[in-house]
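Chemist:
Structure follows, in structure tokens:
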């Protein structure tokens with residue numbers, strides 16, 4: 010037991026270095042923001058509506074991905090087919106591609122002169138400088154989180170259980186709903202939360218498609234670039250705190266800590 | 017029932033997705049007016065936007081700020097739907113917008129501009145900057161050339177303030193007759209050097225196509241001069257070349273440069289004409305980007321592809337009218353009186369009425 014203890018101690022020390030690396034900048038920005046500046050930023054209507062827009066756009070992106078990504082994740086978990094490796098690689102592409110490059114690629118398809126954007130513009134559906142563009146940018150860069158985490162949790166559900174449900178007279182839909190999803194909900198939910206959070210934090214792809222209306226990352230960037238440190242830091246602090254608070258509440262409410 | 021948890025989460029998402037603060041998205045009732053402007057205009061134009069929207073509640077101004085050459089590229093290369101274009105160098109408009117055509121109409125991207133404001137180049141710094149107690153109008157070039165002094169300059173390939181900073185060095189060499197200063201500052205800073213060729217009557221500075229800082233460089237480049245402000249405030253550099261208006265807006269320490277150097281005096285144009293910056297690259301296929309020194313002149317125009325030219329004309333009239341002038345002056349940004357015009361016959365009559373109230377020239 011002695012050696013295990015030593016190993017764990019060393020690992021705990023090196024691991025806490027990494028934790029400090031996460032905590033220090035966040036604590037720094039929060040402690041360096043005076044309460045007056047913080048509440049001024051919080052009361053700034055532009056900041057408020059921008060936060061609201063950011064969460065809303067990411068929620069729309071996550072819902073769109075839920076109806077398409079969860080079925081895809083299930084198929085990837087259950088079926089083997091030719092080209093499956095290619096499909097899995099495709100799903101992961103948005104993680105690998107630099108997001109600014111993804112933004113340019115999306116602009117070429119969804120922009121006013123793009124393949125889809127050009128044909129949808131007469132219908133009043135515009136993807137540049139609009140909510141649509143923000144959703145498209147967020148959807149592209151964050152969908153791998155939902156698909157991957159859902160797929161992994163579907164894989165962990167024994168297909169035998171689904172067969173038992175079918176044998177007992179359940180329809181395939183019922184088996185998916187009452188057995189598969191009921192057993193894999195934690196991963197699916199975690200994936201959806203991650204996707205939502207990743208969407209909220211996206212900058213690169215969105216800024217190329219839709220500078221306006223400004224999501225919070227764009228607003229912070231613009232204030233940093235154009236107005237300086239003092240103008241951007243409180244907004245960044247507000248964004249960090251609001252996001253942290255929301256995800257802590259959601260995690261506590263939705264995902265009770267599993268017992269080991 | 018765990019599925020209820022999933023459903024409730026997606027329910028929450030659906031609520032958030034449908035929650036509508038209609039003002040957060042562009043209000044479809046309002047007419048969007050897209051304004052692309054030089055970064056150094058961000059503070060006065062933000063105030064201008066507010067006052068303009070108060071005067072015209074049906075118009076929603078959507079503004080973006082970049083280095084002046086970048087502003088042009090959003091029109092000429094990226095073909096974005098832009099209404100008003102305002103650059104820190106009016107000469108960019110004929111060079112890049114007259115000379116290129118809009119892909120749909122085949123017309124030039126612009127055929128007129130108004131030279132409406134000026135500025136002066138100066139050095140911004142903090143009280144804590146290295147040698148802040150020592151730097152003055154005589155020794156600034158020596159101080160900046162010291163290897164432990166970090167100086168921020170806008171990238172001359174993207175921003176007018178960048179090539180103007182290079183001009184300022186060449187002009188300072190001439191006025192002090194010390195022809196070692198440019199090299200002392202810029203030698204060994206970039207993987208491909210910025211070169212200077214001193215001749216009479218024209219000194220030519222050539223900026224290479226690829227401008228990468230060496231790892232130990234004391235010159236710090238950013239895409240636009242305003243991007244340097246936050247870095248200066250954060251202590252990432254000691255000095256930055258900025259326009260006087262921008263330095264005053266941010267309340268930073270300022271070293272004014274002599275008139276022979278700061279590009280702010282119309283009467284010294286013949287002196288400024290003795291330097292030129294060439295951008296040595298092919299990105300502008302049809303255009304040769306050469307900038308001859310002259311008094312700083314900000315230019316504004318309406319892009320020929322503008323979706324809302326009438327609202328754009330209202331905006332420019334507002335800027336050039338008494339309210340706009342007052343806002344610019346409050347933000348320390350000097351307007352030109354009277355403004356210069358090019359392509360007068362193409363300027364919308366409503367704008368012309370503002371710049372020459374007597375009824376035209």
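Protein chains in written order, with the numbering used here: chain V, 10 to 269; chain B, 17 to 377.
All C-beta atoms, glycine included, are put in the ideal place defined by N, C-alpha and C.
1) Cα separation between residue 183 of chain B and residue 212 of chain B?
2) Give the interface partners of residue 202 of chain B over in chain V, defined as CB-CB distance under 9 Å, in chain order.
3) For residue 41 of chain B, collect the residues of the same chain with a Cβ closer than 6 Å to its Cβ; drop the 5 residues on either side in sequence, then sort them by chain order.
4) Could you please give the first and the last residue of the uninterrupted beta strand (DSSP E) stretch that includes residue 293 of chain B?
5) Which residues, taken in chain order from the segment 68–88 of chain V, show a beta carbon closer than 7 Å to some beta carbon of chain B?
6) Assess, as a yes-or-no matter, whether the segment 208–218 of chain V is touched by the segment 103–111 of chain V under the definition of 3 or more beta carbon pairs within less than 8 Å.
7) Is residue 83 of chain V helix, strand or coil when you go by DSSP?
8) Please report the straight-line C-alpha distance between residue 330 of chain B and residue 155 of chain V, rounded to a whole angstrom.
9) Hey, residue 226 of chain B and residue 210 of chain B are a contact pair by Cβ (cut 8 Å); roughly how many whole angstroms apart?
10) With a threshold of 8 Å between beta-carbons, can residue 220 of chain V be considered close to chain C, or not?
11) Determine the chain V residues that contact residue 349 of chain B at a beta-carbon separation under 7 Å, and present them in chain order.
12) Listed from N- to C-terminal order along the chain, which residues in the segment 226–245 of chain B have their beta-carbon within a distance smaller than 7 Å of any beta-carbon of chain V?
13) When you compare only the Cα positions, how much space is there between residue 147 of chain V and residue 204 of chain V?
14) Which stretch, first to last residue, makes up the beta strand (DSSP E) that contains residue 238 of chain B?
15) Given a cut-off of 8 Å, decide if residue 59 of chain B and residue 174 of chain B are closer than it, judged by their beta-carbon atoms.
16) Among residues of its own chain, excluding the 5 on either side of residue 207 of chain V, which ones have a beta-carbon nearer than 6 Å to its beta-carbon?
17) Are the beta-carbon atoms belonging to residue 217 of chain V and residue 112 of chain V less than 8 Å from one another?
18) Could you run through the segment 109–126 of chain V and flag, in chain order, every residue whose CB is less than 8 Å away from some CB of chain B?
19) Can the beta-carbon of residue 38 of chain V be found less than 8 Å from the beta-carbon of residue 242 of chain V?
20) Use the C-beta contact count for residue 120 of chain V: other C-beta atoms within 10 angstroms, 16 or more gives buried, fewer gives exposed.
21) What is the residue span of the alpha helix (DSSP H) that residue 113 of chain B lies within?
22) Closer than 8 Å by beta-carbon distance: list the chain B residues that pair up with residue 138 of chain V, in chain order.
23) Give every residue of the same chain whose Cβ lies closer than 7 Å to the Cβ of residue 370 of chain B, excluding the five residues on either side of it in the sequence, and list them in chain order.
24) Does chain B have any CB closer than 8 Å to the CB of residue 183 of chain V?
25) With burial defined as no fewer than 16 other Cβ atoms inside 10 Å of the residue's Cβ, what is the status of residue 223 of chain V: buried or exposed?
26) What residues in its chain sit with their C-beta under 8 Å from that of residue 229 of chain V, if we drop five residues either side in the sequence?
27) Helix, strand or coil for residue 144 of chain B per DSSP?
28) Under 8 Å, do residue 61 of chain B and residue 79 of chain B count as touching if we go by C-beta distance?
29) Residue 170 of chain B and residue 102 of chain B look like a contact to me (Cβ under 8 Å); what is the Cβ gap, rounded to whole Å?
30) Residues of the segment 173–196 of chain B with a CB closer than 8 Å to any CB of chain V: list them in chain order, please.
31) Taking the C-alpha atoms as reference points, what is the distance between residue 103 of chain V and residue 221 of chain V?
32) On the CB-based measure, 16 or more other CB atoms within 10 Å of its CB, does residue 15 of chain V come out buried or exposed?
33) Please classify residue 138 of chain V as buried or exposed, where buried requires at least 16 neighbouring CB atoms within 10 angstroms.
34) With 8 Å as the C-beta to C-beta threshold (strictly closer), list the residues of the segment 229–253 of chain V near chain B in chain order.
35) Tell me the DSSP bridge mates of residue 270 of chain B?
36) Closer than 8 Å, Cβ to Cβ, to anything on chain V: give me those residues from the segment 89–100 of chain B, in chain order.
Modeler: In short, the structure shows the following:
1) 10 Å
2) Result: empty, since nearest Cβ-Cβ is about 25 Å, beyond 9 Å.
3) Legend: pLDDT at residue 41 of chain B = 49, less than 50; position of this residue unreliable, value from coordinates given subsequently. Taken in chain order, the list of residues that qualify is empty.
4) 291–295
5) 68, 69, 71, 72 and 75
6) yes
7) helix
8) 48 Å
9) Actually they do not touch by this definition, with Cβ atoms about 11 Å apart.
10) Absent from the structure is chain C; the protein chains it does hold are V and B.
11) Near residue 349 of chain B there are no residues of chain V at all, since even the closest Cβ is about 14 Å away, more than 7 Å.
12) 242, 243 and 245
13) 9 Å
14) 235–238
15) no
16) 151 and 154
17) yes
18) 121 and 122
19) yes
20) buried
21) Taken as a continuous stretch (DSSP letters only), residue 113 of chain B belongs to no alpha helix (DSSP H), as it is neither H nor E.
22) 42, 48, 50 and 78
23) 333, 336 and 337
24) no
25) buried
26) 241, 244, 245 and 248
27) coil
28) yes
29) Not confirmed; about 17 Å, so no contact.
30) none
31) 23 Å
32) exposed
33) buried
34) 231, 233, 234, 235, 236, 237, 238, 239 and 241
35) B/140
36) 95, 96 and 97
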